[in-house]
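A.B. asks: By the numbering used here, the letter at position 158 of the sequence shown is numbered 1212, and the numbering carries on one by one without gaps. All C-beta atoms, glycine included, are put in the ideal place defined by N, C-alpha and C. Take a look at the following structure, please.
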Amino acid sequence: MKSIEEHLKTWTLEAAQLLKDSFENTLTITYKSHIADLVTDMDKNIEKFFIDKIQHTFPAHKVLGEEGYGDQIEGKSGVIWIIDPIDGTTNFIHQQANFAISIGIYENGVGKLGLIYDVEGNNLYFAKEGEGAYLNEKKLPQLEKVTLSEAVVGVNATWAGPNRRINHENVQQIIRKSRGTRSYGSAAIELAYVASGKLDAYMTLRLSPWDFAAGLILLQEVGGIVSRTDGGPVQLLEQNSILASKPGLHNEIIEHLT
Ligand code: 2AM
Ligand code: CA
Ligand code: CA
Ligand code: CA
């Protein structure tokens, strides 16, 4: 019998192929909450693809998905697959690159398996609780301490405000003191980049559970530090601001932000 891990990886590769094949077709694009909040028929199809497989193979498992085809989740008990079928939909539409399938599997609130698949790059980031994190077949090393002056920090345009939670002078200091900033347009890829050392930190003002569920498990396996941007703990089933970082740097950024 195949393990959950094997199913997860097989289904992800099948879903990724569906996404690649879809480049040949015309996408149906609709707006969700506003003109920059896009969803395509492929976001919905991929979420349904996973839900069909999970319901058939693991009928006791629950699903929390961005597009809302999963279960009504009341609490953290049981096994919950937290799925973002396409993270970086704007990139999927505009670039056909820098978008990911992101899936975190939690049991009673504890992260068990985390997977982020950078579809166009064919890069599979995968973590299993207590067994480490991998990029494709290669084990990722533990993250080491760095200072802000030697750090590349993932930020996005939301830090430009306006937002009552932002102190712009503090944010400017972080940006100026860092070695550089980057913005990729996919929270899942940015979290995978922190876990694999391509970014030293990533900070963002509002993510939903499906944006960070997988990334949290990857980061936990490589010694990354994750909190809200006020330093408080991330709540799995709620929206959170997120600061994910190498050790040392996490404190340094929190000191600037608070
Ligand atoms: P999404 O592509 O799955 O919606 C940059 O847009 C990052 O922020 C992406 O990871 C995107 O995820 C996420 N995001 C979260 N909420 C968003 C929203 N309301 N509009 C656009 N992007 C959002
Ligand atoms: Ca979305
Ligand atoms: Ca997302
Ligand atoms: Ca999405």
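Could you check whether Leu-1194 and Ser-1281 sit closer than 8 angstroms to each other, using their CB atoms as the reference points?
C.D. replies: No, the Cβ-Cβ distance between Ser-1281 and Leu-1194 is not below 8 angstroms.
A.B. asks: Does DSSP classify Thr-1201 as helix, strand or coil?
C.D. replies: Correct three-state label for Thr-1201: coil.
A.B. asks: From Val-1276 to Leu-1245, what distance separates their C-alpha atoms?
C.D. replies: Taking the straight line from one Cα to the other gives about 12 angstroms.
A.B. asks: Taking Trp-1264 and Glu-1120 to be in contact with their CB atoms under 8 angstroms, please state how far apart those CB atoms are, rounded to whole angstroms.
C.D. replies: Rounded, the Cβ-Cβ distance is 5 angstroms, consistent with contact.
A.B. asks: Is there contact between the segment 1205-1219 and the segment 1181-1191, where contact requires at least three CB pairs shorter than 8 angstroms?
C.D. replies: Touching, no, given that fewer than three Cβ pairs across the two stretches are closer than 8 angstroms.
A.B. asks: State the DSSP-derived secondary structure class of Phe-1077, mapped to helix, strand or coil.
C.D. replies: Looking at Phe-1077 - three-state DSSP - the assignment turns out to be coil, as it is neither helix nor strand.
A.B. asks: Would you identify the three-state DSSP class for Met-1055, choosing helix, strand or coil?
C.D. replies: Residue state, collapsed to three classes: coil.
A.B. asks: When the distance is taken between beta carbons, is Ile-1155 closer than 8 angstroms to Ala-1241?
C.D. replies: Cβ distance not < 8 angstroms, so Ala-1241 and Ile-1155 don't count as in contact.
A.B. asks: Cα separation between Ala-1267 and Tyr-1256?
C.D. replies: Whole-angstrom Cα-Cα distance: 15 angstroms.
A.B. asks: With a threshold of 16 other CB atoms inside 10 Å of the CB of Tyr-1247, please say whether the residue is buried or exposed.
C.D. replies: By the 10 Å Cβ count, Tyr-1247 comes out buried.
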